[in-house]
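Residue numbers (the working numbering), protein chains in the order written: chain P, 1 to 343; chain C, 1001 to 1287.
A virtual CB, placed ideally from N, CA and C, is assigned to each residue, including glycine.
I have placed the structure first, in the form of structure tokens, so that the comments after it can refer back to it.
In structure tokens, the structure reads:
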């Protein structure tokens, strides 16, 4: 049975539809990301799961039981907010202890639990520091410890890394992932960062305009996006317009056999890493001209013009070419994804 | 060097007014309280008047009466003011009307407040008349005499009526500026609404509760018009006593009036000091 299930959740703010028929299932111990641009309804979804907002329609089930009538303070779904929101008048230990104190757990047990949490987030010795005396990463860890202290049924992370600088962000990401695995706690992460979602999640839900567009494992979503708007979420893609007839895809630059026979007029998506450039040889099938080059150290981004169609590709750092060089182009056709073109 | 003195130079006009009128008055009062009042031939500096005043039964009962009125009215006004501010904060509909209406008593002068209290609470007032006409009391004189009584109920009610909106205004400003998300976090961590109020909101508004308490306490302790209009003949509130001594046609009584005024001043200075301390507390959380 799934730990958390959202059924047809709809939410309006002042007659504006923020969430539109959201369905989502999260299994126990899973880490699921809600990935989408800002304003797509991710945080609203999180607040609805926590009980800080009520849906206008639909149901939320925890372990099979509806929790719609369970108020926020009894629901056991704790959010770690983007801006940490530590209580400024309480020190680290008091912040972590807060939920336990509200639940009227006795002092001895509370102290023990706080100590354990401080160990978990590696902040021993910071018990008496106030939030204003902590760095961003430390505040983040206190916020996490405060949430985990009450042993929630589900941990909700609202853009937890976006206020940290890039190195700290990677550390915290690994750190939280490790804790999540260690405690096997069901977690929903809200993020607009594709890499964060891909690297941390068991499953990702792509959200756009208040709808979940696709839900699946990171590999599924990356390799088989159901639409170009989902695909574009994971970076720049190449699209080649063409048509399919008699199991053949034909276009200005490539002709490939395919078993995808549903549509006539299609565009084929090619990931930039599936296109390789090499030095021109006599038997080269496809040739192109380098139009643009961006050197990034461990890889090079090229834009190549093939028969007037511009293709983006990511190359190994040793494949060095200059602008206007004529090169050979190799396309890995195994990873082609076809999308119908609307008329 | 020039810049260092500039602020002081620029403050001179206002300082002349303050030092010239206010401090000068205070010094005059102090000198007279020590028994130096040349106009009637008193030139000997003495603590005699202080000794006499501080040991007189009349003064002590007046002091007690003033402290009692100020304490009771300020405590009740603060509690009700905080409850009012919190209820306005929690109300979900549009707050425009509430935010405007509750402030009205702040603009009403104390003398008008006294008149209102008289119209409503006197035995010939609105409340006894209503109670009489619906048959709860058989005669208007059965209504307890709240005005001019020894317990100062009328004065206390009038001060509470003036104090509540003031406290509510100060506290509401702070409450509405506390990050609403902190309450959400507390709820999310399992606190109920009562716990959110006591563990999250109250620590933030405590300094302003304290400072507004001091302001209304100092006012009701030192102000003269409400106890004069609504209070009993005996005991008199301290400011009323000072006024009576001051207007006594026997000028030899003047040092007694000044001793009482000096005592009122000292109490006020202590309250100002406490008020400043409470601001140090406020800044502690806002750093």
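Check	Outcome
Segment limits, alpha helix (DSSP H) that includes residue 136 of chain P	136-149
Nearest neighbour of residue 310 of chain P, chosen from P:329, P:320 and P:318 [CA to CA]	P:329
Per-residue contacts from residue 1142 of chain C into chain P (C-beta, under 9 Å)	In chain order: nothing, as chain P lies at least about 49 Å away.
Within 8 Å of chain P by C-beta, residues of the stretch 1193-1208 of chain C in sequence order	1195, 1199, 1200, 1203 and 1204
Partner residues on chain C for residue 52 of chain P, Cβ-Cβ distance less than 8 Å	1184, 1187 and 1188
7 Å Cβ cut-off: residues of chain P touching residue 1191 of chain C	73 and 102
Beta-carbon proximity check, residue 1185 of chain C vs residue 85 of chain P, cutoff 8 Å	yes
Residues near residue 1059 of chain C by beta carbon distance below 6 Å, same chain, minus five either side	1053
Rounded distance between the beta-carbons of residue 31 of chain P and residue 140 of chain P, thought under 8 Å	Between residue 31 of chain P and residue 140 of chain P the Cβ distance is about 17 Å, and since that is not below 8 Å, they are no contact.
Interface residues of chain P facing residue 1150 of chain C [CB-CB closer than 8 Å]	Chain P residues near residue 1150 of chain C: none, gap ~43 Å exceeds 8 Å.
8 Å Cβ cutoff met for residue 290 of chain P and residue 300 of chain P	no
Pair within 8 Å by beta-carbon distance, residue 1224 of chain C and residue 1239 of chain C	yes
Local Cβ density within 10 Å of residue 313 of chain P, reported as buried at 16 or more and exposed below that	buried
Where residue 1265 of chain C sits in the DSSP three-state scheme	helix
Cross-chain neighbours of residue 1181 of chain C in chain P, by beta carbon under 9 Å	81, 83 and 85
Beta-carbon proximity of residue 1063 of chain C to residue 1155 of chain C, cut-off 8 Å	no
Selected residue, minimal CA-CA separation from residue 396 of chain P, among P:273, P:271, P:244 and P:252	This structure does not reach residue 396 of chain P, given that chain P is present from 1 up to 343, and the question cannot be answered.
Residue 273 of chain P versus P:288, P:252, P:308 and P:234, residue with shortest Cα-Cα distance	P:234
Spatial neighbours of residue 1043 of chain C in its chain, beta-carbon cut-off 7 Å, leaving aside the 5 residues before and after	1036
Proximity winner among C:1206, C:1145, C:1092 and C:1254, relative to residue 1168 of chain C (alpha-carbon distances)	C:1206
Amino acids of chain C, ordered along the chain, whose beta-carbon sits closer than 8 Å to that of residue 78 of chain P	1188 and 1189
Listed by chain order, chain C residues near residue 98 of chain P by CB distance under 8 Å	1186, 1189, 1191 and 1199
Residue 98 of chain P, buried or exposed, once every other Cβ within 10 Å from all chains shown has been counted against 16	buried
Rounded straight-line distance, which links the Cα of residue 1215 of chain C to that of residue 1275 of chain C	8 Å
Residue range of the unbroken alpha helix (DSSP H) whose run includes residue 1243 of chain C	1238-1247
As assigned by DSSP and simplified to three states, the class of residue 174 of chain P	helix
Whole-angstrom C-beta distance between residue 10 of chain P and residue 55 of chain P, which should lie under 8 Å	6 Å
Range of the contiguous alpha helix (DSSP H) that encloses residue 1031 of chain C	1024-1033
Opening and closing residue of the beta strand (DSSP E) in which residue 214 of chain P lies	211-216
Whole alpha helix (DSSP H) elements within the stretch 204-292 of chain P, 4-residue minimum	218-223 and 228-231
Segment contact, 8 Å Cβ cut-off, at least three pairs: the stretch 15-33 of chain P with the stretch 64-82 of chain P	no
Simplified DSSP assignment, three categories, for residue 1254 of chain C	helix
DSSP three-state assignment for residue 104 of chain P, whether helix, strand or coil	coil
Residue 1287 of chain C in three-state terms, based on DSSP	Only weak support is given to the placement of residue 1287 of chain C: the predicted model assigns it a pLDDT of 45, under 50, and the question is left unresolved by the model.
CB of residue 254 of chain P within 8 Å of CB of residue 275 of chain P, strictly	no
Per-residue DSSP class, three states only, for residue 186 of chain P	strand
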